[in-house]
Structure formats: structure tokens, C-alpha cells
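Numbering (my numbering), first residue to last: 1456 to 1834.
We put the beta carbon where it would ideally sit given N, CA and C, even for glycine.
Everything numeric in this text was worked out from a predicted model, so none of it was measured.
One structure below.
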């Protein structure tokens, strides 16, 4: 009958249900395994990511690290500090001159009125004041007379010696300690620095010992200067004679229409045709003298006034000496390069014993400026 199920028909749903239940169990087990594997993969991945992250951080922190272990930020900070210090020292160097008692030659002294030359001639104990007298000599290559100026600076012992692995900068504790030992001084000078000449003068510095004057540095503050009227009207543009004693230890100034040059006699040497005079010419300008010559007179040493009994006797000696001078003209074979001292030799047509004094001028015949390094803009 249709309303009744046979046993076979009743068993079929049960089998299907059992089969589905078994399938669900297997599927659940598979899902559980897959989830376990996924968790394991996530764990491994997380560890790998953390390891990579640690390596990236370490690498970033080591970028720019020097051999001393400084990071990039530390090195940048040091560089910025050094750069600022260099600018400060450069500014100070443009104003202050550093002198030592055993310094040979002269040093440039930069002021707001131009560059001057200064050299220390010696230091003597001043018994009356209890300090020391410093003998200075300032060369004025400018066309102005400095009538009053003040020297401001400090003095002290020499800079400390540092090992090779330490730098001479203001961050060094030894340099800081040395800076604190320096003693300031200020000295007002009323002596006139004449144009195109050397002017010796003395300053007084209070110091307990000679060792406190191993290093003297100062700047020159010019308070009063006057332009020579003749030079302002053009009288100073022509060549002028310089009077040079060949045994002088300081340089002399040669005034030309191109400016003032320096000349220093280094020695003489006898030759078959006269006397070779070895000298150096200082060129403080940006151009090179390609061709020039010295023209003037030579002769015996200038008579000393102290050796004359009276003014009349000295005047007579000067007249005799002046008439004994002999003319000379000598071409300078080498170029006088810019911004430096240039060694050269001239020939004077006379025996060595008669070449003790030169009255000469520098004749400039050809000059050149260095080629421009950049390219001029085009319109």
C-alpha cells in the first residue's frame, strides 16, 4: 500500500544521515587542521616580520656610523658645530693677528680700512712698570695715514701640544683650558702710520713672566685716518723712488701706478759683470706682472748722522754721498705672480763693496689678470 514504508525505505534516510554526519566530522577535522596550520604560519610569519623589523631598525641606526660608532645624527651635529666654529674662527682671523717672538717675517693684519703688515721686533722687560715692552713694526700699504688706533687682544703661553687623535678646536678640553689662561690687554697708539712705509712703535703689556708672552694676538681698531691730499688729487698714482739699505731686515715699499709692492733684499753676490742682488718682490694684487724693471741709482751706505760732529758736517757728507751715486737699470726676468712673494735676481753694474744702497723705482710694463673660471651668461 502506498501509505506504508517498507523497511528498506526506512533504512535509507538513516544511512544518508550517518553518511552526512561522518562527512561533517571529516570536514571539521580538515578545517581544524587547516586552522592549526594557518596559526602556525601566522606565528612563523610574525617572527620573521619581527626579525626583519629588528634588522631594518639596526640598519637605519647604523647608516652613516663612523669608525668611532657615532650615528648619522651625531655626525651631522658634530659637522654643524664644526662649521659654525670654522665661521667664527674665520671671522676672528679676519680681524686678529697672531704673533710670536720667534716669528720670521711679517703677518697680515686685517682692518676695516684695509690690510696692514705687522711684525714683532722683540720683547724687553720694563723695570719701571713691572711689565714688558713689545717692539712692533707696522707696514702701511694704503694711501691713507692712520693717525690714531687701538690694539685689543690677549696674550699667554703657547698652545698645548695634542696627540694625533685629538683636534685643535674649541670643544677640546685642553684648548678650552688654554683659552681660559689668556689675559686680555688694550693699548691705544697715537703714533702716525704713514702711507707706504713701515712705522716702528712700542706697546706696554703687563705680564708676570716672559712665558706669558709666548703668543700675542690682537686686532687693530682705527679711530682716525686721513687721506693724503696730494694722493687724492692723483699725485700718488705715479712711480716714486724707494730708498733701500741692502742690509735692512724689513721690506721696503715700491709705489707704482698699479699700486704699492714690497721688496726685500735677501743677499748680494759678486759676478764678473757686477753685483747680483737677490731679492723678493711681494705682489698683494690679483694681477701678474709679466714684465717690469728696476730703475734708479746705487752707491755706498747712507752716511750716519751720529758720526757727524755738526749739522753742517752731515750736510756736506750727504752732498758728497749723493753725487757719488751711479745710475742703473735692471730688467726683472721672472714674472711677479699675484698674492705672493716672488724670488728674483737683478744685476747692478758695480762691485759688491759699492752696492750698499739703492734709490730705485719699479716700472711696470705689462700685466695680466687670471682667466675667468665661469662662463659669462648669454642674452
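Can you check which of these residues, the options, is closest to residue i by C-alpha distance?
i	options	result
residue 1737	1761, 1748, 1716 and 1753	1716
residue 1633	1597, 1808, 1616 and 1649	1616
residue 1640	1602, 1631 and 1673	1673
residue 1808	1620, 1560, 1754 and 1644	1754
residue 1576	1559, 1569 and 1582	1559
residue 1744	1790, 1651, 1758 and 1785	1790
residue 1600	1769, 1777 and 1654	1654
residue 1747	1766, 1775, 1765 and 1785	1785
residue 1662	1645, 1612, 1629 and 1710	1612
residue 1735	1788, 1759 and 1769	1788
residue 1664	1571, 1581, 1771 and 1569	1581
residue 1843	1649, 1648, 1614 and 1644	Examination of residue 1843 is not possible in this model, given that the chain is present from 1456 through 1834 alone.
residue 1806	1725, 1488, 1626 and 1822	1725
residue 1570	1811, 1795, 1597 and 1776	1597
residue 1643	1621, 1628, 1631 and 1602	1602
Since residue i contacts residue j with CB under 8 angstroms, what's their CB separation in whole angstroms?
i	j	result
residue 1731	residue 1800	5 angstroms
residue 1718	residue 1705	That pair is no contact at about 11 angstroms.
residue 1658	residue 1591	6 angstroms
residue 1701	residue 1813	7 angstroms
residue 1554	residue 1671	5 angstroms
residue 1637	residue 1578	Actually they do not touch by this definition, with Cβ atoms about 17 angstroms apart.
residue 1797	residue 1742	So it is not a contact: roughly 13 angstroms between Cβ atoms.
residue 1696	residue 1815	7 angstroms
residue 1729	residue 1804	4 angstroms
residue 1720	residue 1568	No, residue 1720 and residue 1568 are not in contact; Cβ-Cβ is about 29 angstroms, not under 8 angstroms.
residue 1711	residue 1817	5 angstroms
Taking the C-alpha atoms as reference points, what is the distance between residue i and residue j?
i	j	result
residue 1825	residue 1552	29 angstroms
residue 1779	residue 1763	18 angstroms
residue 1845	residue 1609	Absent from the structure is residue 1845, since the part of the chain shown begins at 1456 and ends at 1834.
residue 1751	residue 1782	6 angstroms
residue 1587	residue 1820	48 angstroms
residue 1723	residue 1584	43 angstroms
residue 1690	residue 1773	The pLDDT assigned to residue 1690 is 44, lower than 50, so where the model puts this residue is not dependable; a value taken from the coordinates is nonetheless given after this. Cα to Cα, residue 1690 sits roughly 27 angstroms from residue 1773.
residue 1646	residue 1574	16 angstroms
residue 1760	residue 1680	32 angstroms
residue 1541	residue 1563	Unreliable positioning characterises residue 1541 in this predicted model, as indicated by a pLDDT of 44, which lies under 50. The coordinate reading is nonetheless provided below. If you take the alpha carbons of residue 1541 and residue 1563, they lie about 19 angstroms apart.
residue 1595	residue 1619	39 angstroms
residue 1765	residue 1756	19 angstroms
residue 1777	residue 1769	12 angstroms
residue 1739	residue 1666	34 angstroms
Heavy atom of the ligand MG less than 7 angstroms from the Cβ of residue i, yes or no?
i	result
residue 1789	This structure lacks the ligand MG, and indeed carries no ligand of any kind.
Tell me the start and end of each unbroken beta strand (DSSP E) in the stretch 1769-1818 that is at least 3 residues and wholly inside, in chain order. 1781-1787 and 1795-1803
Whole beta strand (DSSP E) elements within the stretch 1700-1781, 3-residue minimum: 1707-1711, 1714-1726, 1729-1738 and 1743-1754
Within the stretch 1581-1668, ranges of the beta strand (DSSP E) (whole runs, at least 3 residues): 1587-1595, 1599-1611, 1638-1644 and 1652-1660
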